[in-house]
Each structure stands twice: as C-alpha cells, then as structure tokens.
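Notes follow the structure.
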Amino acid sequence: MKIAFLGLGIMGRAMAENLLAAGHELVVWNRTPERCEPLVEKGATRVATPAAAVEATDLCIAMLADPEAACDVVFAEDGVLETMAPGKSYIDMSTVDSQTAEVIAYEIETAGGRFLEAPVSGSKKPAEDGTLVILAAGDKSLYAEALPLFEILGKKHLYLGAVGKAAAMKLLVNMTMGGMMTLLCEALALGKRCELSAEDILEVFSAGAIANPMFAMKGPQIAANQHSTNFPLKHMQKDMRLAIALGDEMHQPLQSVATANELFKRAVAEDCGELDFSAVARTIGA
Ligand code: NAP
Numbered sequence: 645m646k647i648a649f650l651g652l653g654i655m656g657r658a659m660a661e662n663l664l665a666a667g668h669e670l671v672v673w674n675r676t677p678e679r680c681e682p683l684v685e686k687g688a689t690r691v692a693t694p695a696a697a698v699e700a701t702d703l704c705i706a707m708l709a710d711p712e713a714a715c716d717v718v719f720a721e722d723g724v725l726e727t728m729a730p731g732k733s734y735i736d737m738s739t740v741d742s743q744t745a746e747v748i749a750y751e752i753e754t755a756g757g758r759f760l761e762a763p764v765s766g767s768k769k770p771a772e773d774g775t776l777v778i779l780a781a782g783d784k785s786l787y788a789e790a791l792p793l794f795e796i797l798g799k800k801h802l803y804l805g806a807v808g809k810a811a812a813m814k815l816l817v818n819m820t821m822g823g824m825m826t827l828l829c830e831a832l833a834l835g836k837r838c839e840l841s842a843e844d845i846l847e848v849f850s851a852g853a854i855a856n857p858m859f860a861m862k863g864p865q866i867a868a869n870q871h872s873t874n875f876p877l878k879h880m881q882k883d884m885r886l887a888i889a890l891g892d893e894m895h896q897p898l899q900s901v902a903t904a905n906e907l908f909k910r911a912v913a914e915d916c917g918e919l920d921f922s923a924v925a926r927t928i929g930a
C-alpha cells in the first residue's frame, strides 16, 4: 500500500520505518527536511510539502508534536487541506486535545476526505518494536481499513467512538503518568535526604503493590541522573496542560495533576524541555 507519513520525530521515524519494513511504499515529509534522510535511504520518497504527500497517496498518517503543529500541517499554505479530496483519508496519531481533533476532522470531512484520530500509548522503544497501544476514534470504515497498519505499529488497538474520545483517553493516560513520575521523584528525593539509597528504594517499590513498569524503567535512570530522551519533557508538560484544560471544561477537579504540572512547567523553564520527562527529577531534587 502507498502511504504518506508526516512528522519524523522520535515516534514518527520509528513508526514510518516499521511501515516501510513491512513492505509498504512510503512518501515522507518533515518540517526539517534532513530528518527524512534515514527513511529515504531505506527506500521512502521525500516530498516538499504536506499537500504533495496527500496528493501522492490515498492515505496520509501524521505524528506531530502538539495541537499547533497538527493544525499548521493541515491548515497552513501547502498543507494537507489543499489537496484533501474524496477518496483520500487522514489519520492523525499526534497527542492533541479533543477540540483540535474535532476541528481537523470537520475540515478534512468537509473537503470530502475521511478522518481518524489515533494517538498512541507507548514510547520510543514500543514505537521501534511495533508494540504501541493505539487509541482510535472517528470514521469507523477508515478504522477497519487501517487495522492491518495498526497491527504493524502496535500490540493493541481500541476504537473509542466519535472524534475527541481518543484524545481524551490519551490525556488520561499521560496525566496519570506525569503524576506518577513526580511522586516517584519526590520519594527518591526524600529518600536521599534520609540517606536511603535509590537502589534500595526501587527494590522495595518493585516488590510491593506500587510496582509498575514505568518505575522499573525510569527509576534507575533517575538514580543515575541520566535522562536521554524517549519522551520529551516539553511534550509531557503539553499533555498535562491539555488534561487540565479538559478538566476545566468538564468541571472535574484535577488537583494532583495541577500540582504535577507546576513541576513540569518549572522543569521546562529550567531548560529540561528537550530531555526525557524523567528529568523533572532535577527540578524536584531526586
Ligand atoms: P518529537 O520528536 O518532538 O517530534 C515532533 C515532530 O513534530 C517533528 O517531526 C517536528 O518537526 C514536528 N513539528 C513540530 N512543530 C511543527 C510545526 N509547527 N509544523 C510542522 N511540524 C512540526 O516528538 P515525538 O516524541 O515524536 O512525539 C510526537 C507526538 O507523539 C507528540 O504529540 C507526543 O506527545 C506524542 N507521543 C510521544 C511519545 C514519546 O514517548 N516520544 C509517546 C506517545 C505519544 P521537526 O523535525 O521539524 O522539528
């Protein structure tokens, strides 16, 4: 199948490589064109604009930073909307808020195309291994047609209903992960003051009811003050911000998320935005 892929960052590059490796013909675009090179070397075709990517294929997948990026790529000059037409489909896998997904869906469908939102749970390694959890909502016929691709990209996929539901689900996942990360860092920081070793703390945590894969993976990295980027901290702060906005809209208090968000905001202000989200540990003193 001939597929266009827009956005070759940490996640997009790994996902596009898996589609290519599975034998699909790939057309790629990235705002910073050099980031297309590794894919081109493996057989993908680079195009100059999102509009050209949509023109060249019937199915276009996007994996972009945030709501602003998702909207730029669709609505700006030479964007997706310029060549969207009946018979064409657009799957946006970026983590955005429900309103952004709804606005994009409306414009794509008004132009005659089909739209599916499909944000993912899972980070760089699951993207490389094809073991993401794909949260989809929107056009059900497109979901059914995309399943073989989701099988390549992920280990699990769910259809959640109308556009906006998958964005909301994804924000629930990440606000929980952000809150858990700040708690882990606070425990490690307090433990340090009590002259308890991080190794011992993590061993105790891993043996009881609070054991979880994230603590097991990130704990040793925090202890080593090593934060090479799998999930950029700036994106986690964006997700906390979007979750809080969703809480405002739904009149749902999110006290712990709001507190955790302040720590991520401070970490961004302290130049940790490009590091892994575990680098909030530096702000907390873990
Ligand atoms: P990333 O490495 O920062 O890549 C972001 C991508 O968006 C790049 O291709 C970047 O292009 C592009 N971009 C940013 N602003 C743009 C704009 N205004 N116009 C056009 N393109 C723009 O991020 P990532 O980690 O791959 O994450 C991508 C999405 O997946 C985000 O929504 C993130 O929240 C979500 N996500 C990430 C993870 C993870 O663990 N990393 C896990 C699940 C979900 P340039 O190369 O030109 O900067």
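For the sequence shown, the working numbering begins at 645 and goes up steadily by one. Think of the CB as a built atom: it goes at the ideal place given N, C-alpha and C, for glycine as much as any other residue. Being a predicted model, the structure only gives us computed values, none of them experimental.
Local conformation of residue i per DSSP, three classes
i	result
R675	coil
S738	coil
A781	strand
L886	helix
D920	strand
E914	coil
F875	coil
T775	coil
S608	Because the chain here runs from 645 to 930, residue 608 falls outside it and cannot be looked at.
L670	strand
Beta strand (DSSP E) segment containing residue i, residue limits
i	result
L840	Neither: L840 is in no beta strand (DSSP E) and is coded neither H nor E.
G798	798-803
E721	Looking at the DSSP string, E721 is not in any beta strand (DSSP E), and its letter there is neither H nor E.
L652	Counting along the chain, L652 falls outside any beta strand (DSSP E), and DSSP gives it neither H nor E.
A688	That residue, A688, is in no beta strand (DSSP E); it is neither H nor E in DSSP.
A706	703-706
L760	758-761
Distance between beta carbons of residue j and residue i, contact taken as under 8 angstroms
i	j	result
A810	L779	4 angstroms
R758	S733	4 angstroms
A930	C829	4 angstroms
Residue nearest to residue i in terms of C-alpha spacing, selected from the options
i	options	result
Y803	L877, V817, L786, T826	L786
K646	K784, T927, V671	V671
P876	D710, D716, E906	D710
A887	R657, T903, T873, E789	T903
E772	E914, L797, E726	L797
M880	K800, M819, K799, G667	M819
V717	T754, L650, E678, P897	L650
A720	D702, L827, E751	E751
L626	N869, K686, R679	Nothing can be reported for residue 626: it is not among the residues displayed for the chain, which extend from 645 to 930.
M825	A925, I654, A658, E669	A925
I748	S765, A781, K769	A781
G835	L793, L776, A867, A853	A867
Limits of the unbroken alpha helix (DSSP H) element including residue i
i	result
P864	857-867
Could you check whether the segment 736-743 touches the segment 703-719, counting it as contact only if at least three pairs of C-beta atoms, one from each stretch, sit closer than 8 angstroms? yes
Spell out a yes or no on whether the segment 684-696 and the segment 849-862 are touching, meaning 3 or more CB-CB pairs, one atom from each, closer than 8 angstroms. no
So does the segment 863-877 actually touch the segment 891-899, counting three or more Cβ pairs closer than 8 angstroms? no
How about the segment 807-824 and the segment 836-845: do they share at least three Cβ pairs that are nearer than 8 angstroms? no
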